[in-house]
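Each remark here refers to the structure printed beneath this line.
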Amino acid sequence: MEEREYTLQVVDVNFADATGAGIQVTDFNFDSQFERVEGVALIETSNGGDASAYKVGFTFPNDNRQVRSVHNSLYKFAAATPQDQRFAKINATAKGASFSVATDLPAATSAALTYQLVFRLSKAKNC
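Take the sequence shown: its letters are residues 1 to 127, numbered as in the numbering used here.
Here it is, written out as structure tokens:
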């Protein structure tokens, strides 16, 4: 089995108070030094008040695939969860690829909505 090297890439997603309901899309790029995106976790720092039931989805254009929007709780893991089990599995190309995060707000935010997506990236060791 090939030995892998891992890193975490953190992406901040922020919406101000009174951001309107609907889908908000934010674009990012993965680290070009890593080959694969293996997983994602969500850390919420402010829940948006009335919009706390927001959904999160992803689009990976390089892999021509989309991860359907689902309730944000799918990507949240308790501190007691073992480190290697804290990421929802995603298999996508990193290599500097662009990706989009779609945040579906069920209502206008009544407070700021701020969360971090933590992506687990990997590459073959000694690349």
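Ideal Cβ placement from N, Cα and C applies to all residues, glycine included.
DSSP three-state call for residue i: helix, strand or coil?
i	result
Gln9	strand
Gln85	helix
Asp50	helix
Is there at least one non-hydrogen atom of the ligand GTP closer than 7 Å to the beta-carbon of residue i?
i	result
Ala111	This structure lacks the ligand GTP; in fact it carries no ligand of any kind.
Would you check if the distance between the CB atom of residue i and the CB atom of residue j is smaller than 8 Å?
i	j	result
Arg65	Ser122	no
Ala111	Gly48	yes
His71	Lys95	no
Asp17	Thr109	yes
Phe87	Arg120	yes
Phe34	Thr7	yes
Asp31	Gln9	yes
Asn29	Ala80	no
Leu117	Val40	yes
Leu73	Val25	This sequence places Ser at residue 73; Leu is not what is there. Their beta carbons are not under 8 Å apart, which means Ser73 does not touch Val25 by this criterion.
Ala92	Arg4	no
Lys89	Glu38	yes
Residues bridged to residue i by DSSP?
i	result
Asp31	According to DSSP, which records beta bridges pairwise, Asp31 is partnered with nothing at all.
Leu105	Gly22
Ala92	Val37
Glu3	None, per the DSSP bridge assignment.
Leu42	Leu117
Ser98	Asn29
Phe15	Leu113
Go to residue i, then tell me how far its beta strand (DSSP E) extends in each direction, as first and last residue.
i	result
Tyr115	113 to 124
Phe60	55 to 60
Ser69	65 to 71
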